[in-house]
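Here's the structure we're looking at; comments come further down.
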Amino acid sequence: MIKLTKQLEKIKMSGQPGFMMHLVAGYPDMESSRVIAKNILEEGADILEVQIPFSDPVADGPVIAGANEKALANGATVASSLAMIKGLVAETEKPIIIMSYFNIIYRYGVSAFCETVSSMGVQGLIVPDYPVDEDAADQLLDACKAYDLAFIQVLASTSRAERIQTLLHNATGFVYCTARTGITGKKTVVNEQTLTYLERIRKLTELPIAVGFGLSSKDQVSALHSHAEIMIVGSALIKTYMNKPLPEGLDAIKRFIKSLT
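Per the numbering used here, residue 548 is the first one in the sequence shown, and the count goes up by one each step.
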């Protein structure tokens, strides 16, 4: 978790918003996703979140769900996704986080999965559907601790106070706050309710706060920056290169990231 800790400190010291960009391994195909990932890192992402494609991505909106579907149709597997991620980690000093649904980790073997990705140099996990109230939750918590992986918790404004306390108690690295309820991709309006929610989380944890779900503009980043250190951008980024030939898609990524910063 050393890379992540250093990068979070660097973001804090800069006084500027940090950016975690999200992509789906294997979309539009595995080699293209590798090239896209390198380009995103080179164009200014501070942290890269790579999603292992899954057939039932319940937290994701149509853009990311569609990318999952196409990646799987083109032959992406857990093994090929991890191989691509391993190569990326070796080529950058920036931290790479894996986002996965719990079923993938459970079928792989919770401890084995954490050991594998940690040995690759992955810095942490985001598991939006992990079973916080079941025995399997302890398995994942223990494995992340054993293999020095940040276990990044996803918090929603509608969560019960007790659940928020539990998630924050389990959190390491940083906290992922959703800017609104629902699935990824829908446009988020930053309002007083959003800011009040982030202020409430700030009082409950000393960890950096990341905010995502529906971020796509510099205005949103400006409105949120005083309340969160890290901006998470996924669907809007994937839209920029969706259904575009790779050279054109890379240019679109560059323009989009520049428009945010």
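The beta carbon of each residue, even a glycine, is placed where N, CA and C say it ideally should be.
Check, Outcome
"So, GLY759 versus ILE779, is the Cβ gap smaller than 7 Å?", "yes"
"Would the stretch 582-600 count as touching the stretch 676-688 if we require 3 or more Cβ pairs under 8 Å?", "no"
"Roughly how far, in whole angstroms, is the beta-carbon of ALA630 from the beta-carbon of GLN598, given that I think they are within contact range, below 8 Å?", "Actually they do not touch by this definition, with Cβ atoms about 15 Å apart."
"I believe LEU714 touches LEU702 by the beta-carbon criterion, under 8 Å. Please report the beta-carbon distance rounded to the nearest angstrom.", "6 Å"
"Note down the Cα distance separating LEU688 from ASN717, rounded to an integer number of angstroms.", "7 Å"
"Considering only residues of the same chain and omitting the five flanking positions on each side of LEU745, which have a CB-CB separation below 7 Å?", "CYS724, ILE756, VAL758, HIS774 and ALA775"
"Spell out whether any CB of chain D is found under 7 Å from the CB atom of LEU702.", "Checking the listed chains, one finds no chain D in this structure; it contains a single protein chain."
"Hey, ILE800 and ASN615: beta-carbon distance below 7 Å or not?", "no"
"If I measure Cβ to Cβ from ILE785 and keep anything under 6 Å in the same chain, skipping five residues before and after, which residues do I get?", "VAL610 and ALA614"
"Once you ignore the five residues that flank ILE748 on each side, which residues in its own chain have a CB closer than 7 Å to its CB?", "LEU702, VAL722, CYS724 and ILE756"
"How would you call LEU797, buried or exposed, if buried means at least 16 neighbouring beta carbons within 10 angstroms?", "buried"
"Locate the beta strand (DSSP E) running through THR725, then write down its first and last residues.", "722-725"
"At the level of alpha carbons, what is the spacing between ILE643 and ASN738?", "30 Å"
"Which residue comes first and which comes last in the beta strand (DSSP E) that contains ALA757?", "756-759"
"Just to confirm my understanding: we take ILE673, look at its own chain, exclude 5 residues before and 5 after, and list those with CB closer than 8 Å. What are they?", "GLU596, ILE644, ILE645, MET646, SER647, ILE699, VAL701 and TYR723"
"Is VAL664 helix, strand or coil by DSSP?", "helix"
"I need the DSSP call for VAL571, collapsed to helix, strand or coil.", "strand"
"Between the Cα of ILE804 and those of LYS553, MET567, GLN712 and VAL625, spot the shortest distance and give me the residue it belongs to.", "MET567"
"Take MET548 as the anchor and find which of TYR694, VAL625, ALA620 and ASP607 has the nearest alpha-carbon.", "TYR694"
"Helix, strand or coil for ALA606? Go by DSSP, reduced to three states.", "coil"
"Express the C-alpha separation of THR743 and GLY729 in angstroms, rounding to a whole number.", "Since pLDDT at GLY729 reaches only 46, below the 50 mark, its modelled position is unreliable, and the value read off the structure follows with that caveat. Looking at the two C-alpha atoms, the distance is approximately 18 Å."
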